[in-house]
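Numbering (our numbering), first residue to last: 4 to 493.
Remarks on the structure that follows.
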RNA sequence: GGCGACGUAGCCAAGUGGUAAGGCAGGGCUCUGCAAAAGCCCCAUUCGGCAGUUCGAAUCUGCCCGUCGCCUCCA
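Below is the structure:
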């Protein structure tokens, strides 16, 4: 078995094979930080993060490029409206985006090119296109001549006639054809500009930066790279235009062997978009929800499917994830419950099952099902430490491939999470003197008092102590070997 | 108008010809002084509707209904 992936270019699921032995080069269209990122962005980038992790598991050396379009009409407009430098706005939003990506556990990209750092490469490409007759100069910029590219529309499965019939293309007297698009826009007063001889000062159009940066970083010889990714909304016109710009200059098209697109995220059954304003900034959402739960939620749905987001779905995902966490914890720190567990079913190994799921066009939902079943069949660490250790190893290996990194909180380190004023609050809840005690000590003291009360069958006192702790956020568990406690999961 | 996706239990969702994964919620149970936590068990004769192809269809074909996306900035 090997990885099979849906390829938008051929509209089929194909066996994946890299162009160069042992190496996979991926270009993902990144953010245009003219506004805050939302959950829809997260879904898309989360998918490509899992893809590259799985590719690495499959033994490939992965090069992941994700660009930053740090110059576009919107950020310029925002700059003018707020009287700030457009680039300061872009940097602000991008820094915030990166913070969100960090929280979500997205791996650093190997290259993170900014469009404005590749002006030379962009201009070089435009020159070549003009020389080859694929582009022409008008009063307000340099345009791509769509009619010169036979395959235009193939990626998006459109034909030029249909596109023109759509008649929603902006009429522009400067253009030869409504479908033509800007490669370079001449600067109007007050707009950022880069000199560009002999055409005129200005800035790059939207699509050219990706063509230029992909060529510079992944494919200088012009023979193509492996995977070009992005959200499904980029297929047309963005990716179609990238192809039109790149392929006429290549020694050997196609630009990318696989075109991979993530399904859009809907909110209130409408697409999440800056222009629709129906979204909560990602950074805010991450404040209210566990980033791992958000990742888990997306892992539960096929990456190509349109998905409608509801807040409750994150909670449900978090609950599901907590099952995995509890199982993980039980392997690390067996809670001796005396409960019988079914023994591990000796079938196909978990590796085979997970690979089968993921090989099938990255079916992460099936992979999660495998994990849930695996976790329901864990060996008892007391009875069979060897197999328990193997099970723990399996989780430690596979969870990170999905981008879920088991961390200290999975082991419920209670002391670390108690607020500073905890002792104070517990003291007043119990009208008891706990002066000078660190929060964990205070808990231990109360637990000990309760143990004594229980010994004396003083249930009233026992319950009073437990309830007071509960009000302060500490949850007690009476087990066979005594009482354990942890910070309640809010 | 053109192109496309989707419609599976109360909710989310996998499955694209061989007789419905998984998660959440719900119910039962174990444990327990009572709890909590955890675990175990149960929970779709059925896949938007109708017709057809087939030994066999959620899966293929046709029509219909519904929702959404792209064609304009978009992950």
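Positions of the beta carbon are idealized from the N, C-alpha and C atoms, including for glycine.
Could you check the C-alpha separation between residue i and residue j for me, to the nearest Å?
| i | j | result |
| --- | --- | --- |
| residue 178 | residue 103 | 40 Å |
| residue 120 | residue 74 | 10 Å |
| residue 260 | residue 110 | 23 Å |
| residue 54 | residue 365 | 7 Å |
| residue 419 | residue 285 | Unreliable placement is indicated for residue 419, whose pLDDT of 49 sits below 50; no coordinate value is reported for it. |
| residue 112 | residue 64 | 13 Å |
| residue 10 | residue 137 | 27 Å |
| residue 402 | residue 358 | 13 Å |
| residue 484 | residue 454 | 12 Å |
| residue 35 | residue 288 | 20 Å |
| residue 459 | residue 388 | 37 Å |
| residue 360 | residue 66 | 24 Å |
| residue 238 | residue 280 | 22 Å |
On the three-state DSSP scale, how would you describe residue i?
| i | result |
| --- | --- |
| residue 209 | coil |
| residue 16 | strand |
| residue 134 | helix |
| residue 261 | strand |
| residue 366 | coil |
| residue 442 | helix |
| residue 388 | helix |
| residue 146 | strand |
| residue 481 | strand |
| residue 84 | helix |
| residue 184 | strand |
| residue 21 | coil |
| residue 229 | strand |
| residue 10 | strand |
| residue 44 | helix |
| residue 488 | strand |
| residue 57 | helix |
| residue 395 | helix |
| residue 400 | helix |
| residue 273 | strand |
| residue 117 | strand |
| residue 344 | Note on residue 344: pLDDT 43, under 50, position unreliable in the model; the coordinate value appears next. The answer is coil: DSSP assigns residue 344 none of H, G, I, E or B. |
| residue 268 | strand |
| residue 473 | helix |
Going by C-alpha distance, which of the options is nearest residue i?
| i | options | result |
| --- | --- | --- |
| residue 124 | 290, 480, 187, 106 | 187 |
| residue 107 | 450, 299, 359 | 299 |
| residue 50 | 18, 182, 235, 385 | 235 |
| residue 246 | 224, 211, 263, 270 | 211 |
| residue 252 | 230, 226, 240 | 226 |
| residue 331 | 191, 38, 407, 79 | 407 |
| residue 422 | 266, 90, 240, 475 | 475 |
| residue 8 | 265, 391, 255 | 265 |
Contact check, residue i vs residue j under 8 Å by CB: the rounded distance?
| i | j | result |
| --- | --- | --- |
| residue 115 | residue 153 | 34 Å between Cβ atoms; not a contact. |
| residue 433 | residue 471 | 5 Å |
| residue 334 | residue 384 | 6 Å |
| residue 303 | residue 128 | Rounded, the Cβ-Cβ distance is 41 Å, inconsistent with contact. |
| residue 140 | residue 202 | 6 Å |
Who are residue i's beta bridge partners in DSSP?
| i | result |
| --- | --- |
| residue 313 | For residue 313, which the question treats as bridged, DSSP gives no partner whatsoever. |
| residue 30 | 68, 231 |
| residue 449 | For residue 449, which the question treats as bridged, DSSP gives no partner whatsoever. |
| residue 284 | 41 |
| residue 139 | 146 |
| residue 189 | 205 |
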